[in-house]
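I have placed the structure first, in the form of structure tokens, so that the comments after it can refer back to it.
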Amino acid sequence: MRRIYERAGLILLNIFFIAICFAVLIPILYAVSVSLNGRNSIFGSDFSFIPKTFTLENYRAVIFGQPVLLWLGNTIILAVSSVCISLLAAVPGAYSLSRLRYRGRKTILSGLLMLHSFPAILSMFAIYKLLSPMGLINTKLGLILIYIGTMAIFGLLNLKGYFDSIPIEIEEAARIDGANGRRTIVSVLLPLAKPAIIVTGVMVLIYVWNEYIYAITFMTGESNYTLAAGLYSLQATEMSGSWPIFAAASVVVSLPILIIFFAAQKHMVSGLTAGGVKG
Amino acid sequence: MKRFILFILAITAMLSLPACGGDESGGEGKGLGLVIWHDKEDAVAAALQAELDTLKPDINVRLEKKNGLTEALKMVGNDPKAAPDFYFFAHDKLGVYAEMGILSPITELVDKAALGGFLPMTIEAATYKGAVYQLPIYFETLLFMYNRALMPDDEVPATTEELYSFMASGAGGKYGFIEQHSTAYYSAGWIHGFGGGIVTEDGVPLLDTPETVKALEYHGKFVERMPGESEYATVNTLFREGRAASTIGGPWLVPTARESGIDLGLAPMPVVDETGLPIAPYSGVQGLHVLKVAADNPEKNAAIREVLKLLLNPGIGAAMAKASGCAPALEACYDADDIKNDSLVMMMRQTAEKAVPMPNIPEMDVMWNVVSNLLVDINMRGRDAAEAAADAQKNAWDLIKAMK
Amino acid sequence: MNGKKRNTLSAWVCNIPALAFAGSIVVFPIIYTAYISLTNMNVYHWFDFAVIGFKNYISALSVVDSGFLRALGLTVLWTALNMILQLVIAFVMASLLNIEKLRPRKVYKTLLMFPWAMPGYVSILLWKNGMFNPQFGLLNQWLSGWGSEPVRWLAGDVLAFICCLVVNLWLALPFMIMIMDGALQSVDKSYYENAMLDGAGWFTRQIRLTVPAITPIIAPAVVITLFTTFKQFDVIYLLTQQVGAKTGANIHTVLTYAYENAFVTNNYGFSSAVSIIIFLLLISFALLSKIRRPGNEKNI
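Listed in order, the protein sequences are those of chains G, D and C. Take the first sequence: its letters are residues 64 to 342, numbered as in the working numbering. Take the second sequence: its letters are residues 1110 to 1513, numbered as in the working numbering. Take the third sequence: its letters are residues 57 to 356, numbered as in the working numbering.
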């Protein structure tokens, strides 16, 4: 009897999620459908999800007509560097914030959190003033600096929250087993914090992937664009109402993120429940 | 394994950093390198680039597409390391940049007599406080376009009242006429048709003048017979799908309308019955502006003169006008047969004679939004025109005062 | 004593890189903006600006009129509604996703993250043109399929606000679900086993055990989302207020209001003063709200 209830509950749950996912995806399915539609009537009153005349022409136009591979390369360089440096800076910082009690810690954190509320619209000019003397305008290094700086506080605090949730006893146990401080961190704590590290990394990655305002302001020339900036430049303006191509480009830009996200899922299962209890 | 991946990632990061620090300016063989920022379509840029390449190998001019060009120029305008040497854009921002002090008047760089060859309207647009800051290439303005299937040639309205009765007759469930009615750029034509205006040359807003208020009221009666929304995609699509008989649109609408199989007609703007003046839209003049940091650089000065001189050649105006569907700024371009026989270009020129160049004063920057809000108030929120205009006038003054 | 000092020192060293990055990109602009707000940097004094004291603040107060106060009220409402809905929906979704026997959860999770994988402005344009457009949008096509009159979604103030809210939830929920999901997974499952033996119901269990357990973990993300929501510009601006595509709704947050009434002037001194005022307002709101309630203080 109980089993049947459980079964029915699961089926209902699956139906619920399928419905929710479909509802969430409607605008995106719309974009996909527009991008595959052969006829150019995008806003047409006769829109249907299944394109009446199917075509891959728009994708061909995006991939071969635009320097998409170049943009992809730029984006990957920026994203990988930003993610790595962010994590390298945030993991030790967050650990020290979580484990070591020292003067000024609380003030810094709440202070920094407060400062995050500053509207970014005017930061642009100040950041230009900061980067320009260093010759970092129109360089990837400049953009990387901006991205890391923007995400730094978030990474620090996010990781600290997870470190706090790892019982200190686990570390102490490792220490009793004879591991020294650094080894405890590397071989015990980091694996436990893996989901948090991956979540933070994914967060930085998505931010960099989708950021376009700094990219179009500080980078010049199509060959230096990121995917998001390139997409922005393809945007349907009054002059070039190329919605199908724009829709196709949106799909192309989003796809890698989804693949990465799907791949990261496996690693986002908590180290604590999976490993900590067993170990 | 995990550590190995982390290690690889770290190495990639280290390696990629110095590699991406290098800047890519200059380069490309010998000759002096000059950079033009623009935000135009590829075809227009290619037409210009082809012409500029004739200056090789002595002068290498590179066109760089720059999104958000107007904002970026404010930042980098006087930074010799980051600023371009020229930018290619409409004339309406040149007052802002001239006041900021980042533009060089082109009269110091080209032969003054050569400027006589341009249509007077384009030079007027390029002039701010007595100095010419732009070398005009081509211009665009809005045209009255109609769908012959829905509006036969002999029914094309000559006056606004004729247009109104056409709309009221309800052409078979279609819209008789549509436009982006609550957008300053499109509605300015109606205001000018009543002798009103948005802002004077000296930066005095004109929103509460009797002429402007009358225009807004009169325009409101047309808006009632148009769809509620006024943004580009809606208006453009309704026309392209043959659900609207006529519209006021830019040259960029022409190719898409023809592609959609519309039998497109172009006509002069209807005349406002009350004043006898035609609807007179804004015109935008696209051209080349020289940055001060570049003109002041003795190494570059001569090359800049060469580039400007090259652009005085009628061939390039004609090529770029073709690529953009706009009309060349140089009088001489119209001697060529293929320009003379292009109905779009000729209609553009004819309309442009009545059109009003967009104001190029810094004050105009704040007016766009004020006027849009005013139009929304009247057309979409049903406010009384005089009352809304008085509020908008006050708002405009507040913003203009806040500029200083 | 000595050890403690060394501890402090090494803790600071660990934090220096992250703090330096944040300092240059987040803190420096604030200081610089504060400085510019004291100068007359505008179109007419772009490079030769001088310090003029608090004059800009006096003119900035002119922006703080009834329109601004209305925008401020709307911003508070916007932030509160968004936060409540995001937290509740994300919590429910993440809890359901963590039901043990739900096999295809990876697929669901990935699909639910979709909205996050597109640049925000693309999604907003898609919503505006694909969903809400009264002539061609899907919503009205469906309505007319059922024989209803078309609705102008973004024209009326209340309806437009709700539409903006929906779009913002659509954009923000993936992040929140992911954070909740991560937090739920780091909660030790043995807690539950004990509680289940006590015979506590699902709801009680969530409130008594899960919520307190995940609060410290999600706190930073929640606080940052709170600020992001407060200063959200794109959703409301691009959906309803974009010049050339205004829809008729008169809804403004402090930022869109400040944009139309200060930033467009190209007067950087003036707009900097407005920014600093908004910034101070925000901070005072943050201090007033429950971020610093005693129980929570040690967590942040």
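Glycine included, each C-beta is placed from N, C-alpha and C at the ideal position. Values in this document were obtained by computation on a predicted structure and should not be read as measured data.
The residue from Arg1171(D), Val1185(D) and Asp1201(D) with its alpha-carbon nearest to that of tyrosine 1242(D) is Asp1201(D).
Residues of the stretch 273-287 of chain G with a Cβ closer than 7 Å to any Cβ of chain D, in chain order: Ile279, Thr280, Thr283, Gly284 and Glu285.
Non-local beta-carbon contacts of isoleucine 108(C) in its own chain, meaning distances under 8 Å to residues more than five positions away in sequence, involve Leu94, Thr95, Asn96 and Gly325 in chain order. With the rule of 3 Cβ pairs closer than 8 Å, the stretch 267-281 of chain C counts as touching the stretch 220-239 of chain G. Beta-carbon to beta-carbon, asparagine 1469(D) and glycine 1204(D) are separated by about 4 Å, close enough to satisfy the 8 Å threshold. DSSP, reduced to helix, strand and coil, places arginine 159(C) outside both helices and strands of the structure shown, so it counts as coil.
Proline 190(C) reaches chain D at Gly1337 and Glu1338, counting residues in chain order whose Cβ is nearer than 7 Å.
Around the CB of glutamate 156(C), fewer than 16 other CB atoms lie within 10 Å, so the residue is classed as exposed.
When 7 Å is used as the limit between beta carbons, tyrosine 164(C) is near these residues of chain G: Phe80 and Cys84, in chain order. With contacts defined by Cβ atoms closer than 8 Å, glycine 1210(D) and phenylalanine 103(C) form a contacting pair.
For asparagine 221(G), a Cβ of chain C is located within less than 8 Å of the residue's own Cβ. Taking every protein chain shown into account, the CB of threonine 116(G) has fewer than 16 other CB atoms within 10 angstroms, so this residue is exposed. Taken through DSSP and simplified to helix, strand or coil, leucine 222(G) comes out as helix. Around tyrosine 1341(D), the beta-carbon contacts reaching into chain C at under 9 Å are Gly300 and Ala301. The C-alpha of glycine 1396(D) is placed about 30 Å away from the C-alpha of arginine 1349(D).
Nearest CB-CB separation between tyrosine 91(C) and chain D: not below the 8 Å threshold. Considering only Leu221(C), Arg161(C), Ile235(C) and Ser328(C), the residue with the shortest C-alpha distance to leucine 137(C) is Leu221(C). Its chain contains Leu338 and Ala342 as the residues whose beta carbon lies nearer than 8 Å to that of phenylalanine 283(C), once the 5 sequence neighbours on both sides are disregarded; these appear in chain order. Around leucine 1347(D), the beta-carbon contacts reaching into chain C at under 8 Å are Gln191. Counting only residues of its own chain and dropping the five nearest sequence neighbours on each side, alanine 1154(D) has a CB closer than 8 Å to the CB of His1147, Leu1172 and Lys1174. Judged by DSSP in its simplified three-state form, threonine 64(C) adopts helix. When CB distances to chain D are screened at a threshold of 9 Å, the residues of the stretch 187-203 of chain G falling below it are Met187, Phe188, Tyr191, Lys192, Ser195, Gly198, Leu199, Ile200, Asn201, Thr202 and Lys203, in chain order. In this structure the stretch 175-186 of chain G does not touch the stretch 310-325 of chain G; the number of beta carbon pairs closer than 8 Å is below three. In the displayed model, tryptophan 183(C) falls within a helix according to three-state DSSP. Around the beta carbon of tyrosine 68(G), a 10 Å sphere encloses fewer than 16 other beta carbons of the protein chains shown; the residue is thus reported as exposed. Interface residue (Cβ-Cβ distance to chain C less than 8 Å): leucine 133(G) is not classified as such. Annotation for asparagine 1169(D): the continuous beta strand (DSSP E) segment containing it runs 1168-1174. Residue environment for methionine 197(G): exposed (fewer than 16 other C-beta atoms within 10 angstroms of its C-beta). Within chain D, no residue has its CB atom less than 8 Å from the CB of tyrosine 270(G), the nearest being about 17 Å off. In this structure, the straight-line span from the alpha carbon of leucine 194(G) to that of serine 149(G) is close to 19 Å. Interface criterion not met: the Cβ of serine 149(G) is under 8 Å from no Cβ in chain D. With 16 or more other Cβ atoms from the protein chains shown falling within 10 Å of its own Cβ, glutamate 316(C) counts as buried. Bridge partners of leucine 1252(D) according to DSSP: Gly1358(D). For threonine 213(G), the three-state secondary structure derived from DSSP is helix. For alanine 116(C), the three-state secondary structure derived from DSSP is helix. Fewer than three beta-carbon pairs drawn from the stretch 1421-1438 of chain D and the stretch 1321-1335 of chain D are found closer than 8 Å, and the two stretches are therefore not classed as touching.
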